[in-house]
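Trainee: My questions will all concern the structure given below.
Number of protein chains: 2
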Amino acid sequence: MTTIDEIARLCNVSKTTVSRVLNNHPYVSKEKREMILKVINEIDYTPNSIARQFRKNETRTIALSVPSIDHPFFAQLIKGVSLQALSNKYKVVVFQTFYNQTIELELLELLKHKEVDGVILGALENNWCKIEPFLKYGPILLCNEYHHSANIPIIGYNEFEATYKAIVHLIEMGHNKIGFCYDTPYSEAQCQRKDGYLKALDDYNLPHNKDWIFGGVFNIEDGFHIFEQINNLKDSPTAIFTGNDQVAAGLIKRATISGFNVPKDLAVIGFDNQLICQVVTPTITSIDIPIIELGQKAFLKLIDCLLGNVSLRREVIRLPTNLIVREST
Amino acid sequence: MTTIDEIARLCNVSKTTVSRVLNNHPYVSKEKREMILKVINEIDYTPNSIARQFRKNETRTIALSVPSIDHPFFAQLIKGVSLQALSNKYKVVVFQTFYNQTIELELLELLKHKEVDGVILGALENNWCKIEPFLKYGPILLCNEYHHSANIPIIGYNEFEATYKAIVHLIEMGHNKIGFCYDTPYSEAQCQRKDGYLKALDDYNLPHNKDWIFGGVFNIEDGFHIFEQINNLKDSPTAIFTGNDQVAAGLIKRATISGFNVPKDLAVIGFDNQLICQVVTPTITSIDIPIIELGQKAFLKLIDCLLGNVSLRREVIRLPTNLIVREST
DNA sequence: GTGAAAGCGCTAACAA
DNA sequence: TTGTTAGCGCTTTCAC
Numbered sequence: 001m002t003t004i005d006e007i008a009r010l011c012n013v014s015k016t017t018v019s020r021v022l023n024n025h026p027y028v029s030k031e032k033r034e035m036i037l038k039v040i041n042e043i044d045y046t047p048n049s050i051a052r053q054f055r056k057n058e059t060r061t062i063a064l065s066v067p068s069i070d071h072p073f074f075a076q077l078i079k080g081v082s083l084q085a086l087s088n089k090y091k092v093v094v095f096q097t098f099y100n101q102t103i104e105l106e107l108l109e110l111l112k113h114k115e116v117d118g119v120i121l122g123a124l125e126n127n128w129c130k131i132e133p134f135l136k137y138g139p140i141l142l143c144n145e146y147h148h149s150a151n152i153p154i155i156g157y158n159e160f161e162a163t164y165k166a167i168v169h170l171i172e173m174g175h176n177k178i179g180f181c182y183d184t185p186y187s188e189a190q191c192q193r194k195d196g197y198l199k200a201l202d203d204y205n206l207p208h209n210k211d212w213i214f215g216g217v218f219n220i221e222d223g224f225h226i227f228e229q230i231n232n233l234k235d236s237p238t239a240i241f242t243g244n245d246q247v248a249a250g251l252i253k254r255a256t257i258s259g260f261n262v263p264k265d266l267a268v269i270g271f272d273n274q275l276i277c278q279v280v281t282p283t284i285t286s287i288d289i290p291i292i293e294l295g296q297k298a299f300l301k302l303i304d305c306l307l308g309n310v311s312l313r314r315e316v317i318r319l320p321t322n323l324i325v326r327e328s329t
Numbered sequence: 001m002t003t004i005d006e007i008a009r010l011c012n013v014s015k016t017t018v019s020r021v022l023n024n025h026p027y028v029s030k031e032k033r034e035m036i037l038k039v040i041n042e043i044d045y046t047p048n049s050i051a052r053q054f055r056k057n058e059t060r061t062i063a064l065s066v067p068s069i070d071h072p073f074f075a076q077l078i079k080g081v082s083l084q085a086l087s088n089k090y091k092v093v094v095f096q097t098f099y100n101q102t103i104e105l106e107l108l109e110l111l112k113h114k115e116v117d118g119v120i121l122g123a124l125e126n127n128w129c130k131i132e133p134f135l136k137y138g139p140i141l142l143c144n145e146y147h148h149s150a151n152i153p154i155i156g157y158n159e160f161e162a163t164y165k166a167i168v169h170l171i172e173m174g175h176n177k178i179g180f181c182y183d184t185p186y187s188e189a190q191c192q193r194k195d196g197y198l199k200a201l202d203d204y205n206l207p208h209n210k211d212w213i214f215g216g217v218f219n220i221e222d223g224f225h226i227f228e229q230i231n232n233l234k235d236s237p238t239a240i241f242t243g244n245d246q247v248a249a250g251l252i253k254r255a256t257i258s259g260f261n262v263p264k265d266l267a268v269i270g271f272d273n274q275l276i277c278q279v280v281t282p283t284i285t286s287i288d289i290p291i292i293e294l295g296q297k298a299f300l301k302l303i304d305c306l307l308g309n310v311s312l313r314r315e316v317i318r319l320p321t322n323l324i325v326r327e328s329t
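Going down the list, the protein sequences come from chains A and B.
Following UniProt numbering, the numbering of the first sequence begins with 1 at its first residue and continues without gaps.
Following UniProt numbering, the numbering of the second sequence begins with 1 at its first residue and continues without gaps.
So, in structure tokens, the structure goes:
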């Protein structure tokens, strides 16, 4: 294996000089620089990145956790983070937690072991007190999830407001029996959505009904199941906030083939405004959120912390959301 | 930062002994082992992974390239690779090439720089002659793509046969004007599909028509455009193989809202058998392929090469595919 | 069973 | 402008 010493020997210079050329340091004479570069090219030498990382104690790699990569929202989030990382010459290790607490902690071990310089959590499986101790090993930030007291940057969008808007829209369309779906109750972001939902009901003097609230709902198949549940209720909602376009798509499909008219019999509103909204019939009303931008912003914030420009401290950034009305409401 | 020396000092042993404990080597007395373990726990010591990787010249990380992560097929592929990597305690760095040749080569630089132990290419942007030189730095294998001569393991499914089956199905449904979509002409896998398409036409004495072949087609939006193209033809096909469920979904949607009856006026067949097939109206006939398994197999094959159990040599593995008939044909 | 010592490839003080 | 030297944290001979 070719090393820096080999180059130094070939060029009759010290390896320091070679290292300087490699790192674009000043104070190398033009002739030497050129000669060294020439030799490097000729014998196809490549610096060993791991040795560099070891020496500098810096990996130029960050870790990103998501529950599962095959969910369009998270795929987009990864894309945003990756795009920004690419242009900053960082690598991203994507960790799928599969909604598993242990795997999330394993991701944080990477930080402890110095295998990554920082971490972006795209979801939160563990109680914050399990996460916090890892802060001493490097910066961690929360993206697309919220915590009421964690002393780190938090980047998301206004879940409360987005949900409130959505529910008010349903109310304005004449509905007063409105259901609500969420994924996990442990998520503070999801709780904020629920608060938005309840606030809208209260503001318009509509009744709450526990039967109209559905948890553990993530994907198309869950959408299928939700329809069965709704259909089995004695008193069913006439409109439902699904929390996610996949769920909306599954729900609409089952409702339609069971003879429901969407939106007349059941209005459905999604979340995320993915392309799937435009291909199902009827098309899905949804909340548009800037996911790519969310990922990019998260990465840039992490880099700030990494470079020490900004110390790690609580800061809540909320990106704007936008209601897109289509046929399903 | 705590190091192995610190532990050694605290325990009055050499760092060799600590290292032995850390690596579960034999020949450490029970008492010492227990004492060392105890101290390690107490002061929360973690070995520095980069130092280890440096010393062992092994990163336990592999790189995986895909064109773009937010395409359901590739998201699933990543999931398969990641699942298997997780259980083998490897990390996966996912590289999105965005269909860009330079980025694909950057990924291979990781191998050259020893930042990853091996590479799985989930697509192929560059000419093989650009890729081949990197083989001397570590194992590379091809997954979901094909090459006629590359001397590496190739894992995919039988594109020819799958497409042939699909076209024959359309013919049996009474169609004789059948269109074909592909993504990129550089892809040998796509060429095999085209061969399957043409063979089926020939076997049933159906005419070829260049106007019915559409390239550069990847996602839902492309499906939208394809419909416009078909609709503008004087002599349009009555059935179309889209090569991918996203395209099929987009195409079906536009056709339907333009008053076409799918499948009567235009039969559409997808590929990949994603959940989206079940939520659009009409539901989409598709080719089911074991994507997760594809990713898992690819990882396991790479590990085999890495561990030297198997030397890197040409080997073509083709997983089975299955035609799933639904309403769109 | 255990430890001393070398060294993986590189960068960065410091000296010249 | 250049080189000498030390050392990052760890594993692995080799000798005891």
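Don't be surprised by glycine CBs; every beta carbon is placed ideally from N, CA and C.
Curious, which full-length beta strand (DSSP E) runs of at least 3 residues does the segment 86-142 of chain A contain?
Mentor: 91-96 and 118-121
Trainee: Would you say residue 347/A and I131/A are within 9 Å of each other, going by their C-beta atoms?
Mentor: An answer regarding residue 347/A cannot be provided, because it is not within the stretch 1 to 329 covered by chain A.
Trainee: Is the Cβ of F54/B closer than 9 Å to any Cβ of chain A?
Mentor: yes
Trainee: Using 8 Å as the Cβ pair cut-off and three pairs as the minimum, do the segment 219-236 of chain B and the segment 142-152 of chain B touch?
Mentor: No: the two stretches stay apart, fewer than three of their Cβ pairs being nearer than 8 Å.
Trainee: Are any of the Cβ atoms in chain A nearer than 9 Å to that of G270/B?
Mentor: It does not: the Cβ of G270/B has no partner Cβ on chain A nearer than 9 Å.
Trainee: Name the chain A residues that come within less than 7 Å of D70/B, Cβ to Cβ?
Mentor: P72, A75, Q76 and K79
Trainee: For T97/B, which residues from the same chain have a beta carbon less than 6 Å from its beta carbon, with the 5 sequence-adjacent residues on both sides left out?
Mentor: S65, P67, I103, E104 and E125
Trainee: For E31/A, is the beta carbon positioned less than 8 Å from some heavy atom of the ligand GDP?
Mentor: With respect to the ligand GDP, the structure shown offers nothing to examine, as it has no ligands at all.
Trainee: Please report whether the beta-carbon of S49/A lies at a distance below 9 Å from any beta-carbon of chain B.
Mentor: yes
Trainee: Rank D202/A, P282/A, Q53/A and G216/A by C-alpha distance to the C-alpha of Y186/A and give the top, closest one.
Mentor: Nearest to Y186/A by C-alpha distance, out of D202/A, P282/A, Q53/A and G216/A, is G216/A.
Trainee: Taking the alpha-carbon of M1/B as reference, which of Q101/A, G138/A, I40/A and G122/A has the nearest alpha-carbon?
Mentor: G138/A
Trainee: Measure the alpha-carbon distance for I289/A versus N48/B and round it to whole angstroms.
Mentor: 39 Å
Trainee: Taking CB distances under 9 Å as the criterion, tell me whether S258/A reaches chain B.
Mentor: no
Trainee: Decide yes or no for the touch test of the segment 79-93 of chain B against the segment 51-61 of chain B: beta carbon pairs closer than 8 Å, at least 3 of them.
Mentor: yes
Trainee: Given this structure, state the Cα-to-Cα distance separating F54/A from I178/A, to the nearest angstrom.
Mentor: 57 Å
Trainee: Going by the DSSP bridge assignment, what does V316/A pair with across the sheet?
Mentor: For V316/A, which the question treats as bridged, DSSP gives the partners I154/A.
Trainee: Who are V66/B's beta bridge partners in DSSP?
Mentor: DSSP, once it has assigned bridges, lists Q96/B as partnering V66/B.
Trainee: Using alpha carbons as the reference points, say which of D44/B, K194/B and S87/B lies closest to Y164/B.
Mentor: K194/B
Trainee: Could you check whether I152/A and L135/A sit closer than 9 Å to each other, using their CB atoms as the reference points?
Mentor: yes
Trainee: Strictly below 9 Å CB to CB, what residues from chain A border T46/B?
Mentor: Neighbours of T46/B on chain A, chain order: E109, K112, H113, K114 and Y137.
Trainee: In terms of residues, what are the limits of the beta strand (DSSP E) holding V21/A?
Mentor: Where V21/A is concerned, there is no enclosing beta strand (DSSP E), although the alpha helix (DSSP H) it sits in stretches over K15 to L22.
Trainee: For the segment 220-241 of chain A, enumerate the residues whose C-beta is nearer than 9 Å to any C-beta of chain B, in chain order.
Mentor: Per Cβ criterion, the list reads I220, E221, G223 and F224.
Trainee: Check the Cβ of S82/B against every Cβ in chain A and list those closer than 9 Å, keeping chain order.
Mentor: I69, V94, F95 and Q96
Trainee: Which of the three DSSP states is assigned to N176/B in this structure?
Mentor: coil
Trainee: Identify the contact partners of residue 387/A in chain B, using a Cβ-Cβ distance below 7 Å as the criterion.
Mentor: Residue 387/A lies beyond the residue range present for chain A, which begins at 1 and ends at 329; the question has no answer from this structure.
Trainee: Given a threshold of 16 other Cβ atoms within 10 Å of its Cβ, counted over all protein chains shown, does I257/B qualify as buried or as exposed?
Mentor: exposed
Trainee: Looking only at C-alpha atoms, which of G223/A, Q274/A, T329/A and E106/A sits nearest to S87/B?
Mentor: E106/A
Trainee: Between N205/B, Q246/B, N209/B and L206/B, which lies nearest to H225/B when the distance is taken from Cα to Cα?
Mentor: Q246/B
Trainee: Return the chain-ordered list of same chain residues with a C-beta closer than 7 Å to the C-beta of V316/A, the five sequence neighbours on each side being excluded.
Mentor: The answer, listed in chain order, is I154.
Trainee: Give the DSSP bridge partners of V268/A, in chain order.
Mentor: I240/A
Trainee: Going by beta carbon distance, what residues of the same chain come within less than 6 Å of V119/B, once the five residues before and after it are set aside?
Mentor: A63, L111 and I140
Trainee: Do A150/A and W128/A count as a contact pair if the criterion is CB distance below 9 Å?
Mentor: yes
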